[in-house]
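Peer 1: Adding 40 to a residue's 1-based position in the sequence shown gives its number in this note's numbering. Positions of the beta carbon are idealized from the N, C-alpha and C atoms, including for glycine. This one's a predicted model, so the numbers in the text were calculated from it and none came from an experiment. Handing you this structure, nothing more for now.
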Amino acid sequence: MNILKVLKKTVIDTQMYVSLMGTLFAVFFMKEQNTFRFPTVLLIFITYFSGYLYTKYQYTKHFFKILVVNAVAGIVCAFLIIHNHNEIRLLKWFIIVVLGLLYNSFFLDVYIRKIPLLKVFYVGLVWALVNCWLTLPEFSIPIFMISFFFITALVLPFDIRDMNSDTVKTFPMLIGVQNTKYIAYILVFISIIISTLYLELHYALSFFITSIITYILIYFSENKRDDAYFSFGVETCSALPFLFLVIMEYF
């Protein structure tokens, strides 16, 4: 139990885990599109990490420290892009960062997270843009759709977890837990169909196996479950396509 608490405090609560999961999800598509480059991977991780730190700690006593961390992260990201990519990649990255700020920022009177029902789709949008636009020379509609539907589905269990504490109307509050799960099932199924039609066979198979596990975790999502079930279990689903790909390629 102590080990789990330490892991939660040092890995999950620091936003490192969700940042790593998002990065590995992007790596999966980078490998499929043959665009894998380590500077891009580092860029994505730093962007996710600094963004989630800002979202979580902007209203706390650590706010100014987080601003400094984000400023340094922005400089590092700009350096990585300028020295490894081009000005178009820099513009793409900047737009995604701005979209992240619009999600939840203290200086905005109305931000995306305050708008009922929009949060799940917005998170899916931003993650999808990283996968289908930031890492590729041209916008990929299939990768966008796979990412958008899958990540939107993964956000819904978190709404189930937070339904008794959220101050904004969410799907579980309006239509109930079971109907929210049905929506998540449909979104995952759509992403499976698109991945089967578009991705190469072993990539599609990796995604299909991931989807089975995702279905199971969605099925058992309940408000009474421990936070670790969501922040570790459900969150891990976004990294599973890459992990299953590695298993199939090397074992």
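Relative to the C-alpha of S59, which candidate in F76, P79, V138, F85 has its C-alpha closest?
Peer 2: Ranking the options by Cα distance to S59, first place goes to F85.
Peer 1: By Cβ distance, which residues of its chain are closer than 7 Å to F188, with the 5 residues on each side in sequence left out?
Peer 2: G164, L165, A168.
Peer 1: Can you tell which of I287, F282, F291, Y290 has the C-alpha that lies nearest to the C-alpha of K71?
Peer 2: The shortest C-alpha separation from K71 is found at F282.
Peer 1: With 16 other CB atoms within 10 Å as the buried threshold, where does N144 fall?
Peer 2: With 16 or more Cβ atoms within 10 Å of its Cβ, N144 is classed as buried.
Peer 1: Please go through the same chain and pick out, in chain order, the residues whose beta-carbon is closer than 7 Å to the beta-carbon of Y92, but skip the five residues on each side of it.
Peer 2: For Y92, where only same-chain residues beyond five positions count, the Cβ hits under 7 Å are Q55, V58, S59.
Peer 1: What's the C-alpha gap between L176 and M203?
Peer 2: Going from the Cα of L176 to the Cα of M203 covers about 37 Å.
Peer 1: Taking the straight line between their C-alpha atoms, what separation do you get for G140 and I287?
Peer 2: Computed Cα separation, rounded: 33 Å.
Peer 1: Nearest to F229 by alpha carbon, out of V208, R77, I253, F65?
Peer 2: For the residues V208, R77, I253, F65, the minimum Cα distance to F229 belongs to I253.
Peer 1: For R129, count neighbouring C-beta atoms within 10 Å of its own C-beta (all shown protein chains included) and say buried if the count is 16 or more, exposed if not.
Peer 2: Answer is buried; the Cβ neighbour count reaches 16.
Peer 1: Between the segment 238-254 and the segment 268-283, can you find at least three pairs of beta-carbon atoms closer than 8 Å?
Peer 2: In short, these stretches touch, since the Cβ pair count reaches three.
Peer 1: Let me know the secondary structure DSSP gives D199 once reduced to three states.
Peer 2: Of the three classes helix, strand and coil, the one that applies to D199 here is helix, per DSSP.
Peer 1: Can you give me the C-alpha to C-alpha distance between T95 and V67, rounded to a whole angstrom?
Peer 2: Using only the alpha carbons, I get a separation of about 23 Å.
Peer 1: Reducing DSSP to helix, strand and coil, say where Q98 ends up.
Peer 2: Coil.
Peer 1: Contact check, T220 vs I191 under 8 Å by CB: the rounded distance?
Peer 2: Contact flag wrong, Cβ pair sits at about 15 Å.
Peer 1: On the CB-based measure, 16 or more other CB atoms within 10 Å of its CB, does S251 come out buried or exposed?
Peer 2: Answer is buried; the Cβ neighbour count reaches 16.
Peer 1: For the segment 148-164 against the segment 208-223, are there 3 or more C-beta pairs whose distance is under 8 Å?
Peer 2: The segment 148-164, when compared against the segment 208-223, does touch it at the 8 Å Cβ threshold.
Peer 1: Can you tell me whether F146 is helix, strand or coil according to DSSP?
Peer 2: F146 falls in the coil class under three-state DSSP.
Peer 1: Please check the pair Y243 and L285, which I expect to be a contact at CB under 8 Å, by giving their CB distance rounded to whole angstroms.
Peer 2: Their Cβ separation, rounded to whole angstroms, is 6 Å, which keeps Y243 and L285 in contact under 8 Å.
Peer 1: Just to confirm my understanding: we take L196, look at its own chain, exclude 5 residues before and 5 after, and list those with CB closer than 7 Å. What are they?
Peer 2: Here the set comprises V160, F211, T220, I223, A224.
Peer 1: According to DSSP, simplified to helix, strand and coil, what is C172?
Peer 2: Residue state, collapsed to three classes: helix.
Peer 1: In angstroms, rounded to a whole number, what distance separates the CA positions of G273 and V81?
Peer 2: One C-alpha to the other measures close to 23 Å.
Peer 1: Output the boundary residues of the alpha helix (DSSP H) element that contains I52.
Peer 2: Careful: I52 lies outside any alpha helix (DSSP H) and carries neither H nor E.
Peer 1: Tell whether a beta-carbon distance below 8 Å holds between P79 and N124.
Peer 2: Yes, the Cβ-Cβ distance between P79 and N124 is below 8 Å.
Peer 1: Check the C-beta distance from Q98 over to F146 and give it rounded, since I have them as a contact under 8 Å.
Peer 2: Confirmed, Cβ separation roughly 5 Å.
Peer 1: Just the Cα atoms here: how many angstroms apart are I233 and V170?
Peer 2: About 21 Å.
Peer 1: Determine the contact status of L194 and K132, defining contact as a CB-CB distance below 8 Å.
Peer 2: Contact flag unset, no.
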